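In the order they appear, the protein sequences are chains A and B.
If you're matching positions, the first sequence starts at 2 in this note's numbering and goes up one per residue.
If you're matching positions, the second sequence starts at 157 in this note's numbering and goes up one per residue.
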Amino acid sequence: MRRAILFFLSAMLPAVAFAGNTQEFKLDNGLKLVVQEDHRSPVVVSQVWYRAGSIDEFNGTTGVAHVLEHMMFKGTKKVPAGQFSRMVAAAGGKENAFTSRDYTVYFQQLEKSRLELAMKLEADRMANLNMSDAEFAKEIQVVMEERRWRTEDKPQAQVGEQLMSSTFQTHPYGRPVIGWMNDLEHMKAQDARDWYKRWYAPNNATLVVVGDVDPQQVLRLAQKYFGPLKAQKLPERKPQGEPEQKGERRLVVKAPAKLPYLALAYHAPSLRDPKNDWEPYALEILSGVLDGNPASRLNRDLVRRDRIAVDVSVGYDAVNRGPGLFEFDGTPSEGTSVEDLEAAIRGQIEQLKQDGISEEELQRVKAQVIAADVYQRDSMFYQAMQIGMLEGTGLSWRHLKDYPRRLQAVTAEQVQAVARKYLVDDTLTVAVLDPQPIDENAPKHKEVPHGRH
Amino acid sequence: MAATSSMLHLYEYGVVWARRTIGTVFAPPPCLRANAAWNKLLWLMAAMVTSLAFVLPAQAGLPIQHWQSASGAQVYFVENHDLPILDLSVGFAAGSSFDVGEKAGVAALTQGLLSLGAGGLSDDQISNRFADLGAQLGGDFDADRAGLKLRTLSSERERTGSLQLFATLLQQPDFSTVVLEREKARVIAGLREAATQPESISSKAFGKALYGNHPYAMGEMVEPETVEKIGRDDLIAFHHSHYTRGNAVIAIIGDITRVQAVQIAEQMTANLPNGTAQSVIPPVPLLAAAVEKRIPHPAAQSHILLGYPGMKRGDPDYYALYVGNYVLGGGGFVSRLTEEVREKRGLAYSVYSYFLPLRQEGPFQIGLQTKREQTDQALALVRQTLKKFIQDGPTAKELQAAKDNIIGGFPLRIDSNGKILDYLAVIGFYQLPLTYLDDFNKQIDKVTTAQIKDAFKRRIDPDKMVTVIVGDDGK
Numbered sequence: 002m003r004r005a006i007l008f009f010l011s012a013m014l015p016a017v018a019f020a021g022n023t024q025e026f027k028l029d030n031g032l033k034l035v036v037q038e039d040h041r042s043p044v045v046v047s048q049v050w051y052r053a054g055s056i057d058e059f060n061g062t063t064g065v066a067h068v069l070e071h072m073m074f075k076g077t078k079k080v081p082a083g084q085f086s087r088m089v090a091a092a093g094g095k096e097n098a099f100t101s102r103d104y105t106v107y108f109q110q111l112e113k114s115r116l117e118l119a120m121k122l123e124a125d126r127m128a129n130l131n132m133s134d135a136e137f138a139k140e141i142q143v144v145m146e147e148r149r150w151r152t153e154d155k156p157q158a159q160v161g162e163q164l165m166s167s168t169f170q171t172h173p174y175g176r177p178v179i180g181w182m183n184d185l186e187h188m189k190a191q192d193a194r195d196w197y198k199r200w201y202a203p204n205n206a207t208l209v210v211v212g213d214v215d216p217q218q219v220l221r222l223a224q225k226y227f228g229p230l231k232a233q234k235l236p237e238r239k240p241q242g243e244p245e246q247k248g249e250r251r252l253v254v255k256a257p258a259k260l261p262y263l264a265l266a267y268h269a270p271s272l273r274d275p276k277n278d279w280e281p282y283a284l285e286i287l288s289g290v291l292d293g294n295p296a297s298r299l300n301r302d303l304v305r306r307d308r309i310a311v312d313v314s315v316g317y318d319a320v321n322r323g324p325g326l327f328e329f330d331g332t333p334s335e336g337t338s339v340e341d342l343e344a345a346i347r348g349q350i351e352q353l354k355q356d357g358i359s360e361e362e363l364q365r366v367k368a369q370v371i372a373a374d375v376y377q378r379d380s381m382f383y384q385a386m387q388i389g390m391l392e393g394t395g396l397s398w399r400h401l402k403d404y405p406r407r408l409q410a411v412t413a414e415q416v417q418a419v420a421r422k423y424l425v426d427d428t429l430t431v432a433v434l435d436p437q438p439i440d441e442n443a444p445k446h447k448e449v450p451h452g453r454h
Numbered sequence: 157m158a159a160t161s162s163m164l165h166l167y168e169y170g171v172v173w174a175r176r177t178i179g180t181v182f183a184p185p186p187c188l189r190a191n192a193a194w195n196k197l198l199w200l201m202a203a204m205v206t207s208l209a210f211v212l213p214a215q216a217g218l219p220i221q222h223w224q225s226a227s228g229a230q231v232y233f234v235e236n237h238d239l240p241i242l243d244l245s246v247g248f249a250a251g252s253s254f255d256v257g258e259k260a261g262v263a264a265l266t267q268g269l270l271s272l273g274a275g276g277l278s279d280d281q282i283s284n285r286f287a288d289l290g291a292q293l294g295g296d297f298d299a300d301r302a303g304l305k306l307r308t309l310s311s312e313r314e315r316t317g318s319l320q321l322f323a324t325l326l327q328q329p330d331f332s333t334v335v336l337e338r339e340k341a342r343v344i345a346g347l348r349e350a351a352t353q354p355e356s357i358s359s360k361a362f363g364k365a366l367y368g369n370h371p372y373a374m375g376e377m378v379e380p381e382t383v384e385k386i387g388r389d390d391l392i393a394f395h396h397s398h399y400t401r402g403n404a405v406i407a408i409i410g411d412i413t414r415v416q417a418v419q420i421a422e423q424m425t426a427n428l429p430n431g432t433a434q435s436v437i438p439p440v441p442l443l444a445a446a447v448e449k450r451i452p453h454p455a456a457q458s459h460i461l462l463g464y465p466g467m468k469r470g471d472p473d474y475y476a477l478y479v480g481n482y483v484l485g486g487g488g489f490v491s492r493l494t495e496e497v498r499e500k501r502g503l504a505y506s507v508y509s510y511f512l513p514l515r516q517e518g519p520f521q522i523g524l525q526t527k528r529e530q531t532d533q534a535l536a537l538v539r540q541t542l543k544k545f546i547q548d549g550p551t552a553k554e555l556q557a558a559k560d561n562i563i564g565g566f567p568l569r570i571d572s573n574g575k576i577l578d579y580l581a582v583i584g585f586y587q588l589p590l591t592y593l594d595d596f597n598k599q600i601d602k603v604t605t606a607q608i609k610d611a612f613k614r615r616i617d618p619d620k621m622v623t624v625i626v627g628d629d630g631k
């Protein structure tokens, strides 16, 4: 599962898909169902996408979307705590869930005849979660361990968290999905219950099923199990738009490490109107030109030729509910400073703005787009993820068909134009890891004590 | 792309057991921008004896064709025309256990440099040519095995172009001094960074304590000093002696015919160095006494690893240990370790156990991370859970649940060409019977509670285990 997700994340360009036999249905209560047939193997993946992520949270209860995701395994009246996983396991299934900034997703992978079990269990916990204070008290400890593991003890993850926090000072993307530790320490079961009540409803969810299935049969199952659930009024979502950044920002994180680390983020647009927008596609191509293969500009020049960096990479993601970013990160070589690396990256950006890209570079990225469009069909999970991501961010799975075509249409001039427009100093935030020696005599990591311990 | 993963910020309910591996097979953990960048280094670091411990499941009706190429290589092929793609891997007994101490790192650098200059083409030319063809290059590296993987479109131009280039990488690597010096600097930087991070500190200490002087510790012996000593001649010699025709295992799946597969196998191996299969790895000695290592680190969590030499590929206890481990700590959210440590007490986000079967006994390992203040509590609980399991074995109900999952979930294990390719490579490398897949579910079904109890009792001595704790120093 994790492999599958990661495969998806590491794909060169997101959302490049072949939308084959795909059908969409809508139940009377507002639940959307998207079914994609893939008969290569007798298996099925079922994913429920709730449009509720950390973007919908408020200060003081950051992390609650993710905490609730954990609590969703803690029982309903019919299915007591722990039984959900046991039932899926007994059916030979794999399951997990994940929370992102934009959505929360629950999934099962099963032999195809077991799909009904997934539907039955997911429909039950969509409406009947029965969260006890005792289960919450244990699980919040688990989530705090997760935060220590993912962030507190990983210097580069801390840099990432601080970079987001500084880049988005108003928009909720500035807050970590896992939540600030202090908010987790003070979270109550009621906070999670409130979250569940607010967002967990059929009209805030999309069910994505990909596999060796008959769409009409899937629809009948969905009607049987999800059909009786009641739609509810969803709260208004305020945009909380980030004010324009008017000047470069810089920050430093000190943590035990050997090598420094550098991360840069520029504000950039997200895809809003897939038919008419062109900038997000040009930015996708731009990231491919800079970092699409090991001989792309950054690795070729900074790692291989000049040896300024041991590692450097670029990221841009067009599909978000909130604003986008165009990011760079890297580790300087020994004997090279983060300042040198930053200067080299910014030099590359200047060169790009001045001279643009070659036709050869453009065609190379497009060749990879075409191939990726075929390769991703080897994974049903990946196909379901693409459908869900688009639906979960308010776009349509129908856009999958156009995506490769729109990328193919990008010109070299457009790539240069977006570089000039968005990779500008005044909207840049720079974060640096200042590595600290490990001092075994230093005071140990301390956490603020609080009542629940 | 690195930052793309960070931007998605995915937080999973649980870590589903997928061990780290070296190579381009796995992307980095989710949501950590840094690790994304960092992971690119890992293929070179070779700091772990790892790879996905896949258990080979079986299904009737996966028609595996097997033959020996004229050049002497073993070939495993599944013809599948569902998608216009071709996957190929070529592996050799050339993993980290074939290193020698003072120059530990030769095996990893040899594998790493295959794609960084060959047949007169530079690293950039190679990368660009694959990209222009839409092909994806990958690799495998663990204690036993090293090799390269290719995914290409099956259309004539793309297929022939990328296969030819791929063969050049395997057969005519340049191992240029300039590239080697650059990559050595990157490896050394990675090692120095790893020496400060609790997770890598713990796995290194664990491997050393578990394997001592056995070659399976060699992956942990890679240090800046050993890498410094490595020269071009070392890589040439290693390639010459290990990347040989007789040593090659070729796995192929996809949109080609048998005739084409035969040609491809010859093309991949015809100009490899001459040589026969040679993969003598001595048996792993058991531990004479328990070892406990506490390494102080200021981290918020202690990283705890416990282990013992586990099992081999083809081990007579394979199925009993595999099913038993599902109950103990391999079964994700429903294992005993998860139940005791996470579900009942909230002491950890991730706790697991696994057997990594290798040519000889790979590690049996239990791992978890917990807030440093509760280190001893969590460790005691894990030891108690293990001890009880070894003493009493699983219940009949637990055994049935394990079988239901393993047998019922079989179709998921081979639901993509990518997964099948890896299985073919393992079957070939370890010379498992071709019927291995077909028989797997039957073998699982035959396992009894008594066999599991007996196998764990004989194989794992809880009083002689290795324990490594990085974080809280117990003072």
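In this text, a Cβ means the ideal position worked out from N, Cα and C, and glycines have one as well.
As the structure is a computational prediction, the values presented were derived from the model and not from experiment.
Cβ-based neighbour list, residue i, same chain, cut-off 6 angstroms, excluding 5 preceding and 5 following
{"i": "Ala323(B)", "result": "Gln423 and Met424"}
{"i": "Glu117(A)", "result": "Leu222"}
{"i": "Glu355(B)", "result": "His459"}
{"i": "Ala264(A)", "result": "Val160, Leu164, Asp330 and Ala432"}
{"i": "Asp243(B)", "result": "Arg307, Ile409, Gly410, Asn573 and Leu577"}
{"i": "Thr266(B)", "result": "Leu391, Phe394 and His395"}
{"i": "Met374(B)", "result": "Ser252, Ser253, Asp255 and Ala260"}
Secondary structure of residue i, DSSP reduced to three states
{"i": "Glu70(A)", "result": "helix"}
{"i": "Asn97(A)", "result": "strand"}
{"i": "Ala345(A)", "result": "helix"}
{"i": "Ile409(B)", "result": "strand"}
{"i": "Ala421(B)", "result": "helix"}
{"i": "Tyr226(A)", "result": "helix"}
{"i": "Pro333(A)", "result": "strand"}
{"i": "Trp50(A)", "result": "strand"}
Burial state of residue i, where buried means 16 or more other Cβ atoms lie within 10 Å
{"i": "His268(A)", "result": "buried"}
{"i": "Ser288(A)", "result": "buried"}
{"i": "Lys234(A)", "result": "exposed"}
{"i": "Asn427(B)", "result": "exposed"}
{"i": "Ser359(A)", "result": "exposed"}
{"i": "Leu537(B)", "result": "buried"}
{"i": "Val334(B)", "result": "exposed"}
{"i": "Gly456(A)", "result": "In the structure as shown, chain A begins at 2 and stops at 454. Residue 456(A) is therefore absent and cannot be evaluated."}
{"i": "Thr308(B)", "result": "buried"}
{"i": "Arg189(B)", "result": "Residue placement at Arg189(B) cannot be trusted, given a pLDDT of 25 that sits under 50; the coordinates are not used to answer."}
{"i": "His398(B)", "result": "buried"}
Contact set for residue i: own chain, Cβ-Cβ below 7 angstroms, skip 5 residues either direction
{"i": "Gln157(A)", "result": "Tyr262 and Leu434"}
{"i": "Phe26(A)", "result": "Leu34 and Leu220"}
{"i": "Ala611(B)", "result": "Asp473, Ala476, Leu477 and Gly480"}
{"i": "Ala232(A)", "result": "Asn30, Gly31, Ala202, Pro203 and Asn204"}
Cα-Cα separation between residue i and residue j, rounded to whole angstroms
{"i": "Lys620(B)", "j": "Ala365(B)", "result": "12 angstroms"}
{"i": "Arg306(A)", "j": "Gln84(A)", "result": "56 angstroms"}
{"i": "Leu208(B)", "j": "Gly346(B)", "result": "Bear in mind that the predicted position of Leu208(B) carries a pLDDT of just 30, short of 50, making it unreliable; the figure below should be weighed with that in mind. Cα-Cα distance, rounded: 22 angstroms."}
{"i": "Asn236(B)", "j": "Ser227(B)", "result": "25 angstroms"}
{"i": "Met182(A)", "j": "Leu252(A)", "result": "20 angstroms"}
{"i": "Arg388(B)", "j": "Glu379(B)", "result": "18 angstroms"}
{"i": "Asp629(B)", "j": "Ile386(B)", "result": "36 angstroms"}
{"i": "Gly293(A)", "j": "Leu284(A)", "result": "12 angstroms"}
Same chain, Cβ closer than 8 angstroms to residue i, neighbours up to 5 away in sequence not counted
{"i": "Lys225(A)", "result": "Met120"}
Which residues DSSP lists as bridging residue i, in chain order
{"i": "Thr526(B)", "result": "Ser458(B)"}
{"i": "Ala249(B)", "result": "Arg301(B)"}
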